[in-house]
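A.B. asks:
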Amino acid sequence: MVVGNVPEAVDLVIAGGGPGGYVAALHAAHAGRKVMLVDTAGDAGVGGVCLRIGCIPSKALIEAADFYAKLGEVADMGIQAGPAQFDMAQFQRWKTSTIEGLTSGVSGLLKAAKVQVKRGRLRVTEPGTAVVTDGDGGAQFLSYKDLLLATGSSPVELGVVPVDGVRVIDSSGALALTDVPATVAVVGAGYIGLELGTALAKLGAKVTLVEAGEQILPTLDAELVRPLMRRLKVLGVSVMTAAEVTGLDDDVLQVRHNGVATTLAAERIIVAVGRRPNLHDIGLEELGIKRGADGLLQPELNRLVAPHIAAIGDITPGPALAHKASAEAAIAVQTLGGQTVAFEPQSIPSVVFSDPELASVGLTHGQALAAGIDAAKTTIPLTASGRAATMNQRLGFAQCISDRADGGILGVHLLGPHASELIASATLAIEMGVTLEDLALTIHPHPTLSEQLGELAHLGLGSPVHARA
Amino acid sequence: MSHYEFKLPDVGEGLSEGEIVKWHVAAGNTVKTDQILVDVQTDKAIVEIPSPVDGVVVSLGGAPNDILPIGAVLVVIEVAGTVPTATAGPDHQASAPASATDGETAKAGASVDTAPARVGRALASPATRKLAREFGVNLSQVRGSGSRGQITRGDVEAAHRQAESGAAVASVSAPPSAARVAIAAPPRPTGEDRVEPLRGLRRQVAQSMEQAWRTVPHIFTMDDVDATELVRARASLNDELASAGIKLSYMPFFIKACVAALQAHPRFNASLDMQSQQIIYRHRYNIGMATATPEGLMVTVVHDADRKSLAELAEEITALAGLARDRRVSLEQLSHGTFTISNYGSYGGMMGTPIIRPPEVAIAGFGRLHEAVVPVNGEPAVRMRLPFCVATDHRMNDGEHLGGFVDVMSRCLRDPIRMLGQR
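The listed protein sequences correspond, in order, to chains A and B. Convert by adding 41 to the 1-based position in the first sequence; the result is the number in my numbering. Convert by adding 6 to the 1-based position in the second sequence; the result is the number in my numbering.
1. Listed in chain order, which residues of the stretch 59-73 of chain A have Cβ atoms closer than 8 Å to some Cβ of chain B?
2. For I323 (chain B) and V308 (chain B), what's the separation of their Cα atoms in angstroms?
3. Within 10 angstroms of its Cβ, does D447 (chain A) collect 16 or more other Cβ (buried), or is it exposed?
4. I need the DSSP call for Y185 (chain A), collapsed to helix, strand or coil.
5. Any beta carbon from chain B within less than 8 Å of Q440 (chain A)'s own beta carbon?
6. Out of A:R93, A:Q440, A:A171, A:H454, point me to the one whose CA is closest to S401 (chain A)'s CA.
7. Going along chain B in order, which residues have a C-beta closer than 8 Å to the C-beta of G379 (chain A)?
8. Could you work out which residue in B:K314, B:R389, B:P132, B:K136 is closest to Y291 (chain B) when comparing CA atoms only?
9. Pull out every residue of the stretch 127-144 of chain B whose Cβ sits closer than 9 Å to any Cβ of chain A, in chain order.
10. Taking the straight line between their C-alpha atoms, what separation do you get for L43 (chain B) and S214 (chain B)?
11. Where does the unbroken alpha helix (DSSP H) through S145 (chain A) begin, and where does it stop?
12. Throw me the rounded Cβ distance for the S99 (chain A) and L237 (chain A) pair, which I believe falls under 8 Å.
13. Measure the alpha-carbon distance for L258 (chain A) versus T158 (chain B) and round it to whole angstroms.
14. Taking V156 (chain A) as part of the beta strand (DSSP E), name the residues at either end of that continuous run.
15. Quick one, which of B:A130, B:T359, B:G152 has its alpha-carbon nearest N144 (chain B)'s?
16. Use the C-beta contact count for S426 (chain A): other C-beta atoms within 10 angstroms, 16 or more gives buried, fewer gives exposed.
17. Under 8 Å, Cβ to Cβ, is there at least one residue of chain B near L497 (chain A)?
18. Consider the Cβ of A23 (chain A): report whether some Cβ of chain B lies at a distance smaller than 8 Å.
19. Less than 8 Å separating the beta-carbons of R273 (chain B) and H407 (chain B)?
20. Please state whether the Cβ-Cβ distance between E326 (chain A) and E167 (chain A) is less than 8 Å.
21. Once DSSP output is grouped into helix, strand and coil, what is the label at S416 (chain B)?
22. In terms of alpha-carbon separation, which member of A:L305, A:G333, A:F132 lies closest to T249 (chain A)?
23. Checking the sheet assignment: what are the DSSP bridge partners for L455 (chain A)?
24. So within the stretch 309-371 of chain A, which uninterrupted alpha helix (DSSP H) runs reach at least 4 residues, ignoring any that extend past its ends?
25. What residues in its chain sit with their C-beta under 6 Å from that of D230 (chain B), if we drop five residues either side in the sequence?
26. Closest by CA to L289 (chain A), which one among A:N343, A:V201, A:G176, A:D205?
27. Just verifying my parser: in three-state terms, what is the DSSP assignment at P258 (chain B)?
28. Please report how far the alpha carbon of G379 (chain A) lies from the alpha carbon of A460 (chain A), in whole angstroms.
29. For the stretch 191-201 of chain A against the stretch 49-62 of chain A, do three or more pairs of beta-carbon atoms, one drawn from each stretch, fall closer than 8 Å, so that the two count as touching?
30. Drop a sphere of 10 angstroms on the beta-carbon of A86 (chain B), count the other beta-carbons inside from all chains shown, and report buried for 16 or more, exposed for fewer.
31. Give the interface partners of A371 (chain A) over in chain B, defined as CB-CB distance under 9 Å, in chain order.
32. Three-state secondary structure (DSSP) at E114 (chain A)?
33. So E301 (chain B) and G206 (chain B) are supposed to be a Cβ contact under 8 Å. How far apart are they, rounded?
34. Below 8 Å between beta carbons is the criterion; list the residues of the stretch 476-495 of chain A that meet it against any residue of chain B, in chain order.
35. In terms of alpha-carbon separation, which member of A:L423, A:E496, A:L469 lies closest to P386 (chain A)?
36. Taking only beta carbons into account, state which residues of the stretch 373-403 of chain A come closer than 8 Å to chain B, listed in chain order.
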């Protein structure tokens, strides 16, 4: 400790103001804790990547792009919208004000809960003591009772195409574009790359997805992903799988595709190859906290990584998703408060805002079989849904994985409009241990997309109504 | 030709499962209708299950010691022609109503404690799982009460109460959290310990006693009566009956004394139905007798004990005890008890506290008949003494009721001629 620097005593210090950290701060404050929330951007950082440069702005772009693209696809319904125009500058103004509304809402909640928000980078110096440096030469020592690490993740950079913020940009740069580029190469076709590429294509860009894996969304079952390829083709998106970026010239991106060197013209290159945990220079070694082979912290089920220190979100195993971090936040705060709790959900839903949306919860059929479960798979096409027909939507399906032993629902996978909303009731079903029979006996409102879930259950029981057995 | 799936029927009164003891047939064997296929241990007895059809055994549903839920496929038999699938077991024993147990329900219910833990999926809501964490209750050790074996909040609370009460006994001085951990974790064998699976009659005794002790709030009252006249009466009756080849033990007298008390206090010859919130007063006096066998305790039942003479009771008791030791008691001889007697004094020790067998609401336990010096008319005298204890379900009877019941028994045992005055 620096002589003469008197540490400030703090009850609970939370590092990171994202959907893990700020949610934890509010839970803790409501539980009567005195909370300091440290974020590298201070009050301008609360909400985190998700709210400021991730989930929320990307959904704004996707919504706008989708609306714009639909204008050209509703002639069947008797709508002639004429040549529509997209004004990216106006979009950015609207997006910015939308996000400002949300972030100031979070700031207001933190203020009302008397959470002290501090700008700076936190580093532990010894157990129970940390220093926050603000980057302007200021440093404040803290003597904390409990510490919660929620520092999140940052985009992985590619050495061969370093992000320059102009021609080569990352996902946050892509969401801040001031115009729609004529040609775009998206390096990495995980959910971030796919979402951005799809949106820019709908806005008029000629988009190529460059993916090193064998398919887009490489971590998902091929069966779930395949129909998306049809839609990408209609949207004019080119897909190069098994493709590796090897360099960048003034004009073109160099790619080795299926082992053959080729080039790709691209006005802008968006690098979206994944995220890495923000665990650098936190002082983990001072605390004797080791990382796992995956580079992540390895918390117990109660989220503790050491006595009085909890970790949540992207710096811990599991999907790097905002709702996972928020759910862990509640558990971590209870643990630090002395309760015996555990983060042990039956499943964590995941959503890709592709076109159409892909939402998934629980086990895939392959995972269930690999786990030794005698699992049944039932699938119905979206064409069985009357509501989807009235939306002029045909592409998609609903799939349910169940345990043959007792009909228990193990997984639900949806591709189609509003799949992101529909997956919530499937998640509840899995969390509550619901069986196909329970689901079949639950009345789903007509005419809605949610009827697909009831139909899946009837099909699983061998008595479908609108699908073929 | 078609395959007949014979499912394990409910051979008792609302059984959920049965344990395969021994197969009498093997795959490939030709079987005839009513030929014994298998011995199955239920919670009351070993039951021989006969074939419902003629045919050839295709496959067996389990090996000896396997526990099958009611409704599980017991055996597949290839038969000529077609037969309806057996959803309910056919009647195979006069006394056992083959109730149409829903196969699905039984299967799922049993899966909680017999199936290996499913990968990841807990049959409990998130809030219930959270409560289990808080209490340190291991959900894999909890039997769910839901229709499919779902574990409810109440199940977790009950498991917690049980663990807490056990913890209090196990370790009074340990801090609560340590005691909780000690009880929540199953005992682990170490070193040279011998481990054997809990099976057969021992398992049935374990389950029914646990259930009884958990659900029935017991109260006990004891007395120690002068049995000198009882000893004398038995000796003189045995002189009388010797020519008929009948030898009276004390059990017929105990039964008579209990019947007299039950007639005077019908609250003890009753059952409590908490679900329907009603009390059932039994019109028959069917007295169960706890009988020790090498594998554990069995309770055989003397039906309509109020209508039988001491000699008739003696003959029936001897016959039942022999059948019990050979594990060949019929289901009827184990069923429909309304009150139970345990004669634990004959095994050693002076006194004991018996556990009630639900749905009965009372039980009497007799200690060791012994000589003692007691004051008689102000002078020391050597007399025969008989200590006994009656337990009753405090939901049904209070201490006052129990005192009255014990008093009738005491008077009969002290002065056996009163037993002749029974209605």
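Heads up, the beta-carbon is just placed ideally off N, CA and C, and yes, glycines get one too.
C.D. replies: So, to answer that:
1. Answer set for the stretch 59-73 of chain A: empty.
2. So the alpha carbons of these two residues sit roughly 7 Å apart.
3. Taking all protein chains shown into account, D447 (chain A) has 16 or more neighbouring C-beta atoms within 10 Å of its C-beta and is therefore buried.
4. DSSP places Y185 (chain A) in strand when its eight states are reduced to three.
5. Taking Cβ atoms only, chain B never reaches closer than 8 Å to Q440 (chain A), which makes this a no.
6. It is A:H454.
7. Residues of chain B passing the Cβ test: none, with the nearest at roughly 11 Å.
8. When each option's Cα is compared against that of Y291 (chain B), the closest is B:K314.
9. So the close ones are R127, A128, L129, A130, S131, P132, R135, K136, R139, E140, F141, G142.
10. Distance between the alpha carbons of L43 (chain B) and S214 (chain B) is about 27 Å.
11. Its alpha helix (DSSP H) spans residues 129-153.
12. The Cβ separation is near 7 Å, so the contact holds.
13. If I take the Cα positions, the gap works out to 39 Å.
14. Note, V156 (chain A): premise wrong, no beta strand (DSSP E); not H, not E.
15. Measuring from the Cα of N144 (chain B), the nearest candidate turns out to be B:A130.
16. S426 (chain A) is buried by the Cβ-count criterion.
17. Any Cβ of chain B closer than 8 Å to the Cβ of L497 (chain A) would place that residue at the interface, and such an atom is absent.
18. Outside the shown range of chain A, which is 42 to 510, sits residue 23 (chain A), and nothing can be said about it.
19. A contact, by the Cβ cut-off of 8 Å.
20. Cβ distance not < 8 Å, so E326 (chain A) and E167 (chain A) don't count as in contact.
21. S416 (chain B) falls in the helix class under three-state DSSP.
22. Ranked by how close their Cα comes to the Cα of T249 (chain A), the residues A:L305, A:G333, A:F132 have A:L305 in first place.
23. A:A400, A:A439, per the DSSP bridge assignment.
24. Contiguous alpha helix (DSSP H) elements confined to the stretch 309-371 of chain A occur at 325-328, taking only those with 4 or more residues.
25. Within the same chain, D230 (chain B) has close Cβ partners R391, P393.
26. For L289 (chain A), the closest alpha carbon among the candidates A:N343, A:V201, A:G176, A:D205 is that of A:V201.
27. Reduced to three states, the DSSP call for P258 (chain B) is helix.
28. Using only the alpha carbons, I get a separation of about 38 Å.
29. Three or more Cβ pairs closer than 8 Å define a contact, and the stretch 191-201 of chain A meets that threshold against the stretch 49-62 of chain A.
30. The residue in question, A86 (chain B), is exposed, as its Cβ has fewer than 16 Cβ neighbours within 10 Å.
31. Ordered by position in chain B, no residue passes the 9 Å Cβ test against A371 (chain A), which lies about 11 Å from the chain.
32. Three-state DSSP puts E114 (chain A) in coil, outside helix and strand.
33. For a cut-off of 8 Å, the C-beta gap from E301 (chain B) to G206 (chain B) is around 6 Å, short enough to register as a contact.
34. Of all residues in the stretch 476-495 of chain A, only T476 place a beta-carbon less than 8 Å from a beta-carbon of chain B.
35. Among A:L423, A:E496, A:L469, the Cα nearest to that of P386 (chain A) is on A:L469.
36. Cβ proximity to chain B below 8 Å picks out Q380, T381, V382, A383, E385, P386, Q387 from the stretch 373-403 of chain A.
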